[in-house]
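Read left to right, the sequence shown gives residues 1 to 304 (this note's numbering).
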Amino acid sequence: MSRCLEGKVVVVTGAGRGIGRDVALLAASEGASVVVNDLGGAAEGTGSDPGPAHEVVREIEAAGGSAVASTSSVADEADAASIVETALASFGRIDVVVNNAGILRDRIFHQMTTEEFEAVVRVHLFGSFHVARAAAIHFRKQEGGAFVHFTSTSGLIGNLGQANYSAAKMGMVGLSRSIALDMARFDVRSNCIAPFAWSRLIGTIPTDSEAEAKRVERFKTMSTEKVAPLAVFLASELANGITGQIFGVRRNEVFLFNQPRPIRSVHRGEGWSVETLAEEMAPAFRSSLVPLERSADVFSWDPI
(Lines of atoms letter the chains of each structure in order from A and count residues from 1; the text may use other names and numbers.)
(Lines give C-alpha, C1' and ligand atoms only; values in the text may rest on other atoms or scores of the structure.)
Protein backbone atom coordinates (compact mmCIF):
# COMPACT_ATOMS: atom_id res chain seq x y z
CA MET A 1 0.00 0.00 0.00
CA SER A 2 1.43 3.41 -0.99
CA ARG A 3 2.01 6.02 1.67
CA CYS A 4 -0.93 8.43 1.89
CA LEU A 5 1.12 11.66 1.91
CA GLU A 6 3.77 10.65 -0.61
CA GLY A 7 5.12 13.75 -2.34
CA LYS A 8 3.09 16.16 -0.21
CA VAL A 9 4.46 19.09 1.78
CA VAL A 10 2.93 19.54 5.23
CA VAL A 11 3.26 22.43 7.67
CA VAL A 12 2.57 21.50 11.30
CA THR A 13 2.50 24.35 13.82
CA GLY A 14 3.28 23.69 17.47
CA ALA A 15 5.11 20.57 16.29
CA GLY A 16 7.96 20.57 18.80
CA ARG A 17 6.07 18.64 21.45
CA GLY A 18 2.89 16.69 22.15
CA ILE A 19 0.22 16.27 19.51
CA GLY A 20 2.00 18.42 16.94
CA ARG A 21 5.18 16.36 17.25
CA ASP A 22 3.28 13.10 16.74
CA VAL A 23 1.44 14.51 13.73
CA ALA A 24 4.73 15.65 12.19
CA LEU A 25 6.39 12.27 12.77
CA LEU A 26 3.47 10.31 11.34
CA ALA A 27 3.11 12.65 8.34
CA ALA A 28 6.78 12.15 7.55
CA SER A 29 6.46 8.37 7.86
CA GLU A 30 3.57 8.58 5.38
CA GLY A 31 5.83 10.23 2.82
CA ALA A 32 5.38 13.95 3.50
CA SER A 33 8.10 16.55 3.62
CA VAL A 34 7.38 18.40 6.86
CA VAL A 35 7.90 21.94 8.08
CA VAL A 36 8.18 21.51 11.85
CA ASN A 37 7.09 24.84 13.28
CA ASP A 38 7.48 25.59 16.97
CA LEU A 39 8.43 28.80 18.74
CA GLY A 40 9.54 26.73 21.71
CA GLY A 41 7.80 28.89 24.28
CA ALA A 42 6.45 27.92 27.67
CA ALA A 43 2.86 26.66 28.04
CA GLU A 44 1.68 30.21 28.77
CA GLY A 45 3.45 31.50 25.66
CA THR A 46 6.48 33.19 27.19
CA GLY A 47 10.04 32.77 25.95
CA SER A 48 11.35 30.82 22.99
CA ASP A 49 13.64 27.86 22.35
CA PRO A 50 14.64 26.51 18.93
CA GLY A 51 15.51 23.14 20.45
CA PRO A 52 12.15 21.31 20.24
CA ALA A 53 11.56 22.03 16.52
CA HIS A 54 15.10 21.01 15.56
CA GLU A 55 14.89 17.87 17.69
CA VAL A 56 11.78 16.71 15.82
CA VAL A 57 13.52 17.41 12.50
CA ARG A 58 16.41 15.21 13.64
CA GLU A 59 13.97 12.43 14.57
CA ILE A 60 12.33 12.59 11.15
CA GLU A 61 15.66 12.60 9.32
CA ALA A 62 16.98 9.73 11.44
CA ALA A 63 13.98 7.69 10.29
CA GLY A 64 14.75 8.49 6.64
CA GLY A 65 12.25 11.32 6.25
CA SER A 66 12.53 14.91 5.08
CA ALA A 67 11.90 17.93 7.31
CA VAL A 68 13.00 21.47 8.10
CA ALA A 69 12.51 23.52 11.24
CA SER A 70 10.73 26.84 11.64
CA THR A 71 10.78 28.74 14.91
CA SER A 72 8.54 31.61 13.78
CA SER A 73 5.55 32.75 15.84
CA VAL A 74 2.11 32.08 14.34
CA ALA A 75 0.74 35.05 16.31
CA ASP A 76 2.61 37.51 14.09
CA GLU A 77 1.31 37.88 10.53
CA ALA A 78 4.73 38.28 8.90
CA ASP A 79 6.23 35.44 10.95
CA ALA A 80 3.31 33.18 10.07
CA ALA A 81 3.75 33.94 6.37
CA SER A 82 7.41 33.01 6.70
CA ILE A 83 6.39 29.50 7.81
CA VAL A 84 4.67 28.98 4.47
CA GLU A 85 7.63 30.56 2.67
CA THR A 86 9.90 28.04 4.40
CA ALA A 87 7.85 25.23 2.86
CA LEU A 88 8.08 26.79 -0.59
CA ALA A 89 11.78 27.55 -0.34
CA SER A 90 12.65 24.13 1.03
CA PHE A 91 10.33 21.85 -0.90
CA GLY A 92 8.84 23.92 -3.74
CA ARG A 93 5.19 23.69 -2.71
CA ILE A 94 2.73 23.39 0.16
CA ASP A 95 -0.19 20.95 0.35
CA VAL A 96 -1.35 20.80 3.97
CA VAL A 97 -1.51 23.08 7.00
CA VAL A 98 -2.07 21.57 10.44
CA ASN A 99 -2.93 24.41 12.84
CA ASN A 100 -1.97 23.03 16.23
CA ALA A 101 0.05 25.76 17.96
CA GLY A 102 -1.43 27.03 21.20
CA ILE A 103 -0.93 28.42 24.69
CA LEU A 104 -2.98 28.61 27.88
CA ARG A 105 -3.60 31.44 30.32
CA ASP A 106 -6.32 29.88 32.50
CA ARG A 107 -8.13 32.11 34.98
CA ILE A 108 -11.70 32.40 36.26
CA PHE A 109 -13.56 34.89 34.06
CA HIS A 110 -14.11 37.77 36.47
CA GLN A 111 -10.37 37.81 37.25
CA MET A 112 -9.13 37.38 33.65
CA THR A 113 -7.17 40.30 32.26
CA THR A 114 -7.40 41.74 28.78
CA GLU A 115 -3.81 40.66 28.18
CA GLU A 116 -4.58 37.06 29.18
CA PHE A 117 -7.59 36.95 26.89
CA GLU A 118 -5.86 38.56 23.95
CA ALA A 119 -2.67 36.48 24.19
CA VAL A 120 -4.55 33.19 23.91
CA VAL A 121 -6.87 34.36 21.13
CA ARG A 122 -3.90 35.78 19.22
CA VAL A 123 -2.02 32.48 19.18
CA HIS A 124 -4.91 30.08 18.59
CA LEU A 125 -7.31 32.04 16.41
CA PHE A 126 -5.20 34.76 14.81
CA GLY A 127 -2.34 32.29 14.44
CA SER A 128 -4.56 29.80 12.59
CA PHE A 129 -5.88 32.57 10.37
CA HIS A 130 -2.41 33.94 9.58
CA VAL A 131 -0.94 30.58 8.54
CA ALA A 132 -4.07 29.46 6.70
CA ARG A 133 -4.35 32.75 4.84
CA ALA A 134 -0.72 32.59 3.71
CA ALA A 135 -1.21 29.02 2.43
CA ALA A 136 -4.62 29.70 0.84
CA ILE A 137 -3.08 31.71 -2.01
CA HIS A 138 -1.04 28.69 -3.06
CA PHE A 139 -3.88 26.22 -2.54
CA ARG A 140 -6.05 28.31 -4.84
CA LYS A 141 -3.39 28.43 -7.58
CA GLN A 142 -2.77 24.69 -7.48
CA GLU A 143 -6.49 23.91 -6.98
CA GLY A 144 -5.98 21.65 -4.03
CA GLY A 145 -4.96 21.53 -0.39
CA ALA A 146 -6.09 20.63 3.09
CA PHE A 147 -6.38 22.39 6.44
CA VAL A 148 -6.60 20.53 9.75
CA HIS A 149 -7.34 22.80 12.72
CA PHE A 150 -7.23 21.74 16.36
CA THR A 151 -10.24 22.92 18.36
CA SER A 152 -11.27 21.77 21.86
CA THR A 153 -14.28 20.53 23.78
CA SER A 154 -13.54 23.43 26.14
CA GLY A 155 -15.08 25.53 23.37
CA LEU A 156 -17.53 23.02 21.89
CA ILE A 157 -18.99 22.16 25.31
CA GLY A 158 -17.38 24.33 27.98
CA ASN A 159 -14.92 24.35 30.85
CA LEU A 160 -14.13 26.40 33.94
CA GLY A 161 -11.53 29.15 33.89
CA GLN A 162 -10.95 29.07 30.13
CA ALA A 163 -13.01 31.86 28.59
CA ASN A 164 -10.04 32.94 26.45
CA TYR A 165 -9.18 29.42 25.29
CA SER A 166 -12.82 28.44 24.77
CA ALA A 167 -13.56 31.56 22.72
CA ALA A 168 -10.48 31.01 20.56
CA LYS A 169 -11.28 27.35 19.98
CA MET A 170 -14.88 28.06 19.01
CA GLY A 171 -13.56 30.78 16.74
CA MET A 172 -11.43 28.18 15.00
CA VAL A 173 -14.56 26.14 14.27
CA GLY A 174 -16.13 29.12 12.53
CA LEU A 175 -12.87 29.83 10.71
CA SER A 176 -12.61 26.24 9.48
CA ARG A 177 -16.21 26.16 8.33
CA SER A 178 -15.80 29.43 6.43
CA ILE A 179 -12.61 28.21 4.75
CA ALA A 180 -14.40 25.02 3.73
CA LEU A 181 -17.24 27.02 2.16
CA ASP A 182 -15.08 29.67 0.49
CA MET A 183 -12.49 27.30 -0.92
CA ALA A 184 -14.56 24.26 -1.91
CA ARG A 185 -14.49 25.48 -5.52
CA PHE A 186 -10.70 25.07 -5.47
CA ASP A 187 -10.87 21.53 -4.05
CA VAL A 188 -9.55 22.69 -0.68
CA ARG A 189 -10.76 20.88 2.44
CA SER A 190 -10.89 22.25 5.99
CA ASN A 191 -11.77 20.26 9.10
CA CYS A 192 -11.38 20.46 12.90
CA ILE A 193 -10.25 17.96 15.51
CA ALA A 194 -11.01 18.19 19.22
CA PRO A 195 -8.33 16.01 20.85
CA PHE A 196 -8.32 14.31 24.22
CA ALA A 197 -4.69 13.69 25.18
CA TRP A 198 -2.23 14.26 27.97
CA SER A 199 0.12 17.11 27.14
CA ARG A 200 1.97 19.91 28.90
CA LEU A 201 -1.02 22.21 28.28
CA ILE A 202 -3.46 19.75 29.83
CA GLY A 203 -0.96 19.43 32.65
CA THR A 204 -1.89 22.95 33.75
CA ILE A 205 -5.42 21.84 34.77
CA PRO A 206 -5.84 22.50 38.51
CA THR A 207 -6.37 19.46 40.75
CA ASP A 208 -7.89 21.22 43.73
CA SER A 209 -10.70 18.68 44.09
CA GLU A 210 -10.95 14.91 43.98
CA ALA A 211 -13.05 15.12 40.81
CA GLU A 212 -10.42 17.25 39.05
CA ALA A 213 -7.65 14.91 40.17
CA LYS A 214 -9.55 11.94 38.72
CA ARG A 215 -10.10 13.87 35.50
CA VAL A 216 -6.38 14.53 35.16
CA GLU A 217 -5.59 10.87 35.83
CA ARG A 218 -8.04 9.94 33.06
CA PHE A 219 -6.25 12.30 30.67
CA LYS A 220 -2.93 10.63 31.48
CA THR A 221 -4.24 7.40 29.93
CA MET A 222 -4.77 9.16 26.58
CA SER A 223 -1.52 9.54 24.66
CA THR A 224 -0.95 12.20 22.01
CA GLU A 225 0.03 9.58 19.43
CA LYS A 226 -3.60 8.40 19.34
CA VAL A 227 -4.59 11.74 17.76
CA ALA A 228 -2.09 11.77 14.90
CA PRO A 229 -3.72 9.16 12.60
CA LEU A 230 -6.93 11.17 12.25
CA ALA A 231 -4.99 14.37 11.50
CA VAL A 232 -2.91 12.62 8.84
CA PHE A 233 -6.00 10.98 7.35
CA LEU A 234 -7.76 14.35 7.05
CA ALA A 235 -4.61 15.82 5.50
CA SER A 236 -4.48 13.13 2.82
CA GLU A 237 -6.44 12.49 -0.35
CA LEU A 238 -8.09 9.57 1.47
CA ALA A 239 -10.35 12.22 3.03
CA ASN A 240 -11.63 13.59 -0.30
CA GLY A 241 -15.22 14.82 0.12
CA ILE A 242 -14.84 15.33 3.88
CA THR A 243 -14.80 19.04 4.69
CA GLY A 244 -16.32 21.51 7.12
CA GLN A 245 -16.57 18.83 9.82
CA ILE A 246 -15.64 18.60 13.51
CA PHE A 247 -14.11 15.37 14.78
CA GLY A 248 -12.96 14.24 18.19
CA VAL A 249 -10.36 11.66 19.27
CA ARG A 250 -10.34 10.09 22.72
CA ARG A 251 -7.87 7.22 23.00
CA ASN A 252 -9.33 4.61 20.59
CA GLU A 253 -12.64 6.46 20.08
CA VAL A 254 -13.33 8.79 17.15
CA PHE A 255 -16.31 11.15 17.28
CA LEU A 256 -18.15 13.24 14.74
CA PHE A 257 -19.67 16.31 16.41
CA ASN A 258 -22.95 17.89 15.40
CA GLN A 259 -23.06 21.58 14.56
CA PRO A 260 -25.60 24.20 15.68
CA ARG A 261 -28.92 23.93 13.89
CA PRO A 262 -32.43 24.92 15.04
CA ILE A 263 -34.03 22.21 17.19
CA ARG A 264 -37.32 23.83 18.28
CA SER A 265 -39.47 26.70 17.07
CA VAL A 266 -42.57 28.56 18.20
CA HIS A 267 -44.71 30.98 16.20
CA ARG A 268 -47.16 33.64 17.25
CA GLY A 269 -49.01 35.36 14.45
CA GLU A 270 -49.46 38.65 16.32
CA GLY A 271 -45.80 38.81 17.33
CA TRP A 272 -44.13 38.53 20.69
CA SER A 273 -43.96 40.66 23.79
CA VAL A 274 -41.75 40.24 26.83
CA GLU A 275 -44.74 38.76 28.66
CA THR A 276 -45.72 36.24 25.96
CA LEU A 277 -42.12 35.12 25.59
CA ALA A 278 -42.12 34.36 29.33
CA GLU A 279 -45.56 32.73 29.27
CA GLU A 280 -45.37 30.73 26.02
CA MET A 281 -41.88 30.53 24.50
CA ALA A 282 -39.91 29.78 27.67
CA PRO A 283 -42.09 26.81 28.79
CA ALA A 284 -42.12 25.40 25.25
CA PHE A 285 -38.33 25.48 25.00
CA ARG A 286 -37.47 24.52 28.56
CA SER A 287 -37.18 20.76 28.01
CA SER A 288 -34.80 21.35 25.09
CA LEU A 289 -32.47 23.88 26.71
CA VAL A 290 -28.83 22.76 26.70
CA PRO A 291 -27.69 22.11 30.27
CA LEU A 292 -24.76 24.04 31.70
CA GLU A 293 -22.28 21.19 31.34
CA ARG A 294 -18.53 20.95 31.10
CA SER A 295 -16.57 18.68 28.81
CA ALA A 296 -15.97 16.27 31.71
CA ASP A 297 -19.73 15.97 32.28
CA VAL A 298 -20.42 14.98 28.68
CA PHE A 299 -17.43 12.64 28.35
CA SER A 300 -17.84 11.08 31.78
CA TRP A 301 -16.89 7.47 30.96
CA ASP A 302 -13.35 6.11 31.05
CA PRO A 303 -11.44 6.28 27.76
CA ILE A 304 -11.83 3.14 25.69
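Glycine is no exception: its CB is placed at the ideal position from the N, C-alpha and C atoms. Remember, predicted model here, so these are calculated numbers, not experimental data.
- With a cutoff of 8 Å on beta-carbon distance, A163 and V96 are scored as not near each other.
- With a cutoff of 8 Å on beta-carbon distance, Y165 and V98 are scored as not near each other.
- Assignment of alpha helix (DSSP H) within the segment 221-287, counting only whole runs of 4 or more residues, yields 228-235, 282-286 in chain order.
- If you draw a straight line from the Cα of P260 to the Cα of L26, it comes to about 33 Å.
- Bounds of the beta strand (DSSP E) holding H149 are 145-150.
- Secondary structure of R58 (DSSP, three-state): helix.
- Considering only V123, E143, S70, A278, the residue with the shortest C-alpha distance to G171 is V123.
- In this model, E225 and N252 are separated by some 11 Å (Cα to Cα).
- For the pair A62 and A15, the CB atoms are not nearer than the 8 Å cut-off.
- Assignment of beta strand (DSSP E) within the segment 5-32, counting only whole runs of 3 or more residues, yields 9-13 in chain order.
- By a beta-carbon distance limit of 8 Å, V173 does not contact E30. Their separation comes to about 26 Å.
- Beta bridge pairing from DSSP links P195 with V249.
- Of the candidates A282, E6, R268, the residue whose Cα lies closest to the Cα of I94 is E6.
- Only residues of its own chain outside the window of five on either side were considered, and among them none has a CB closer than 6 Å to the CB of K141.
- According to DSSP, residue pairing for N37 in a beta bridge involves T13, S70.
- Contact check between the segment 293-304 and the segment 276-284: fewer than three CB pairs, one atom from each, fall below 8 Å, which does not count as touching.
- The C-beta distance from G241 to V188 rounds to 13 Å, too long to fall under 8 Å, and the pair is not in contact.
- For the pair A167 and V298, the Cα-to-Cα distance works out to about 19 Å.
- Less than 8 Å separates the beta-carbon of S70 from that of T86.
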